[in-house]
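Basically the numbering used here = 1-based index in the sequence shown + 59.
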Amino acid sequence: MRRWNGWGDDATAMELSEGARAMMATLLGPGRPGQDAQRAGMVAKIPPSRLSGQHALIQTDADTRLAMAFGESFADWIRKRFGALPPAPDGVAFPESTEQVRELLALAHANNWIVIPFAGGTSVSGHLDCPISERPILSINLSRMNRLLHLDKLSQLATFGAGTAGPQLEAQLRAQGYTLGHFPQSFEYSTVGGWVVTRSSGQQSLRYGRIEQLFAGGHMETPVGALTIPTLPAASAGPDMRELVMGSEGRFGILTEVTVRVSPLPEHESFHAIFLPNWDAAEAAVRTLIQRRLPLSMTRLSNGIETQTSLTLAGHARLIGWLERYLALRGCGEGKCLLMLGVTGEHRNARNALREARRTLSAHGAVYIGTAMGAKWASNRFKGPYLRNTLWDQGYSADTIETAVDWPNVKKLMLAMEQTARDVFAQYGERVHAFTHLSHLYPQGSSVYSQFVWATAPGGFAPNFERWQKLKAAVADTIAAHGGTVSHQHGVGRDHAAHLQDEKGPLGMATLAQLCRHFDPKKIMNPGKLLQDEGPWAT
Ligand SMILES: Cc1cc2nc3c(=O)[nH]c(=O)nc-3n(C[C@H](O)[C@H](O)[C@H](O)COP(=O)(O)OP(=O)(O)OC[C@H]3O[C@@H](n4cnc5c(N)ncnc54)[C@H](O)[C@@H]3O)c2cc1C
Numbered sequence: 060m061r062r063w064n065g066w067g068d069d070a071t072a073m074e075l076s077e078g079a080r081a082m083m084a085t086l087l088g089p090g091r092p093g094q095d096a097q098r099a100g101m102v103a104k105i106p107p108s109r110l111s112g113q114h115a116l117i118q119t120d121a122d123t124r125l126a127m128a129f130g131e132s133f134a135d136w137i138r139k140r141f142g143a144l145p146p147a148p149d150g151v152a153f154p155e156s157t158e159q160v161r162e163l164l165a166l167a168h169a170n171n172w173i174v175i176p177f178a179g180g181t182s183v184s185g186h187l188d189c190p191i192s193e194r195p196i197l198s199i200n201l202s203r204m205n206r207l208l209h210l211d212k213l214s215q216l217a218t219f220g221a222g223t224a225g226p227q228l229e230a231q232l233r234a235q236g237y238t239l240g241h242f243p244q245s246f247e248y249s250t251v252g253g254w255v256v257t258r259s260s261g262q263q264s265l266r267y268g269r270i271e272q273l274f275a276g277g278h279m280e281t282p283v284g285a286l287t288i289p290t291l292p293a294a295s296a297g298p299d300m301r302e303l304v305m306g307s308e309g310r311f312g313i314l315t316e317v318t319v320r321v322s323p324l325p326e327h328e329s330f331h332a333i334f335l336p337n338w339d340a341a342e343a344a345v346r347t348l349i350q351r352r353l354p355l356s357m358t359r360l361s362n363g364i365e366t367q368t369s370l371t372l373a374g375h376a377r378l379i380g381w382l383e384r385y386l387a388l389r390g391c392g393e394g395k396c397l398l399m400l401g402v403t404g405e406h407r408n409a410r411n412a413l414r415e416a417r418r419t420l421s422a423h424g425a426v427y428i429g430t431a432m433g434a435k436w437a438s439n440r441f442k443g444p445y446l447r448n449t450l451w452d453q454g455y456s457a458d459t460i461e462t463a464v465d466w467p468n469v470k471k472l473m474l475a476m477e478q479t480a481r482d483v484f485a486q487y488g489e490r491v492h493a494f495t496h497l498s499h500l501y502p503q504g505s506s507v508y509s510q511f512v513w514a515t516a517p518g519g520f521a522p523n524f525e526r527w528q529k530l531k532a533a534v535a536d537t538i539a540a541h542g543g544t545v546s547h548q549h550g551v552g553r554d555h556a557a558h559l560q561d562e563k564g565p566l567g568m569a570t571l572a573q574l575c576r577h578f579d580p581k582k583i584m585n586p587g588k589l590l591q592d593e594g595p596w597a598t
């Protein structure tokens with residue numbers, strides 16, 4: 060069963076090795092485990108619903124409403140763990156068809172209720188927060204719209220209910236010999252509709268594309284009518300309506316059906332581990348590689364701190380010790396960087412791509428160590444976030460902040476993000492363990508994905524929330540100062556809305572606000588997300 064106050068299925072756990080515990084204690088001091096709130100206590104605090112008896116599809120029991128009150132951001136996490144209940148929706152509807160979504164939206168529009176579309180609930184950017192409002196709040200949960208509706212094998216197009224989660228989607232496609240190939244780390248729960256409206260990126264976007272390249276068309280219900288986007292191989296017919304839907308974060312309407320471009324299951328897939336001597340060599344190597352446009356499916360480059368952290372987390376201290384001695388003899392000592400490379404496709408193409416990639420990388424001092432670590436990475440590819448549960452139990456907090464920037468600023472921004480975090484925690488006399496990888500590489504630049512671990516503050520919700528807010532704000536300023544995007548893959552939500560203006564400019568922001576008014580004149584759709592046009596919010 061899905062954990063109510065942590066990541067993932069409660070039958071899955073990731074252990075911290077002795078070495079990893081010692082590393083945390085050395086880097087951050089002893090952890091400070093707190094007393095977790097109980098779910099029953101949270102349910103008991105839910106106020107009476109303002110939507111009781113309004114519609115047969117709307118459930119108003121406190122238990123169901125609590126589950127829709129949170130996403131997976133760090134703020135959501137500590138609210139659940141410390142029992143700091145934010146406003147919850149007044150009711151939750153589970154539509155099973157486009158018609159039911161239309162009916163619910165019409166009802167909400169007529170009665171001026173706020174609507175928050177809820178899909179996998181994996182937002183890490185405050186997309187699902189409920190404002191403090193006089194207006195009743197209706198959560199529309201899309202999880203029952205989870206079926207493959209049509210597969211056009213000739214065009215390699217598949218249409219799904221927008222609430223289809225990753226495993227449901229891949230299972231239905233695989234049964235017919237196809238894959239979408241979209242694997243965000245939240246794959247277990249996030250949905251195809253959620254991916255589209257937050258502009259998601261999967262681990263193998265290098266081969267399959269981001270969701271922008273995979274989204275071919277669909278159907279969206281809005282408070283003022285329906286928008287159906289046909290699938291076309293290409294068009295020069297003015298601005299593309301798909302661009303309106305992608306990144307709309309529930310502001311314009313509810314996407315009910317999504318058509319995606321699928322591929323036949325690949326003949327071959329393997330993941331390979333390669334070490335490079337230091338960051339400068341590694342960055343130059345992957346930039347050259349990516350600009351050669353070889354048909355690879357994944358490149359994931361860890362910086363020196365992340366490489367060392369991953370090796371410690373792997374456990375097997377003797378084996379890793381042996382590997383490190385071997386790598387040092389080959390020129391990859393302290394500061395070495397781990398590159399994970401994926402090759403996917405027809406056997407011959409995959410073999411050729413790997414051979415060419417290794418040739419390019421070896422000119423930068425790369426040491427190839429084979430597929431054992433890659434196979435381990437692949438089998439654990441969705442398990443990393445479970446470590447957050449384990450760390451919390453040990454008294455440590457963790458969060459991630461990500462962006463993307465052109466190549467001249469990649470290293471500068473990476474170092475500045477890590478240093479900003481250290482400076483923030485130094486104000487509290489605390490340390491933070493900051494490390495980074497480049498998960499999505501482009502000929503023009505790269506995503507920069509930093510992770511932060513620190514000892515949970517004593518004193519419950521308020522001091523932990525304050526530290527996290529300072530961290531987010533300071534790192535966001537650093538990103539803006541280096542020309543990075545507000546988000547490469549996690550979207551804007553409420554948490555990043557304050558910085559959107561830096562990227563879009565005044566006219567861009569006015570255009571977005573006008574689009575919201577156009578589709579949603581009464582401002583019922585997920586207000587306060589993407590644009591800072593609603594509040595107040597619970598702290
Ligand atoms: C552990 C973890 C790892 C993650 N890894 C990645 C990653 O690798 N790549 C990545 O891109 N993201 C990642 N994310 C972020 C998150 O999974 C994505 O933003 C995802 O696309 C959200 O999808 P969801 O179905 O969970 O949507 P939700 O979280 O339920 O909703 C997100 C937003 O979309 C709106 N929405 C959802 N569905 C619809 C719809 N059908 N119509 C209209 N509005 C809708 C909601 O109102 C909300 O504003 C990760 C998150 C976690 C917790």
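Even for Gly, the Cβ is constructed at its ideal location relative to N, Cα and C.
Self-check item: Member of Gly236, Leu164, His331 whose CA lies at the smallest distance from the CA of Phe578
Solution: Leu164
Exercise. In angstroms with no decimal places, state the Cα-to-Cα distance between Gly222 and Ser361.
Key: 33 Å
Quiz prompt | Burial state of Trp63 (16 or more Cβ within 10 Å) | solution = exposed
Quiz item: Counting along the chain, where does the alpha helix (DSSP H) carrying Val534 start and finish?
Solution: 520-540
Quiz item: Can at least three beta-carbon pairs, one atom from the region 369-386 and one from the region 279-286, be found at a separation below 8 Å?
Solution: no
Quiz item: Whose C-beta lies closer than 6 Å to the C-beta of Glu326 among residues of the same chain, with five residues either side of it excluded?
Solution: Glu405, His406
Quiz item: At a cut of 8 Å, does the region 549-568 reach the region 473-483 through at least three beta carbon pairs?
Solution: no
Quiz prompt | Pro336 versus Val345: straight-line alpha-carbon distance, rounded | solution = 13 Å
Quiz item: What number of angstroms, rounded off, separates the C-alpha of Leu353 from the C-alpha of Gln263?
Solution: 14 Å
Quiz item: Quick one: what does DSSP say Thr430 is sitting in, helix, strand or coil?
Solution: coil
Exercise. Tell me whether His278 sits in a helix, a strand or coil according to DSSP, three-state version.
Key: strand
Self-check item: Every unbroken alpha helix (DSSP H) inside the region 554-586 [4 residues or more]
Solution: 559-578
Quiz item: Can you check whether the CB of Tyr237 is closer than 8 Å to the CB of Val321?
Solution: yes
Quiz item: By how many angstroms is the C-alpha of Glu489 removed from the C-alpha of Leu144?
Solution: 27 Å
Self-check item: DSSP three-state assignment for Glu461, whether helix, strand or coil
Solution: strand
Practice problem: Report yes if the C-beta distance between Val426 and Ile333 is below 8 Å; otherwise report no. | Solution: yes
Quiz item: Do you know offhand how far Gly519's Cα is from Leu446's?
Solution: 21 Å
Quiz item: For the putative contact between Leu622 and Thr358, defined by C-beta atoms under 8 Å, what is the C-beta separation to the nearest angstrom?
Solution: Absent from the structure is residue 622, since the part of the chain shown begins at 60 and ends at 598.
Self-check item: Residue burial classification, Ser506 (beta-carbon count within 10 angstroms, cutoff 16)
Solution: buried
Quiz prompt | Segment contact flag, the region 156-170 with the region 91-105, C-beta cutoff 8 Å, min 3 pairs | solution = no
Quiz item: So, are the CB atoms of Val304 and Gly277 less than 8 Å apart?
Solution: yes
Exercise. Could you pull out every unbroken beta strand (DSSP E) segment of at least 3 residues lying fully inside the region 126-153, listed in chain order?
Key: 150-152
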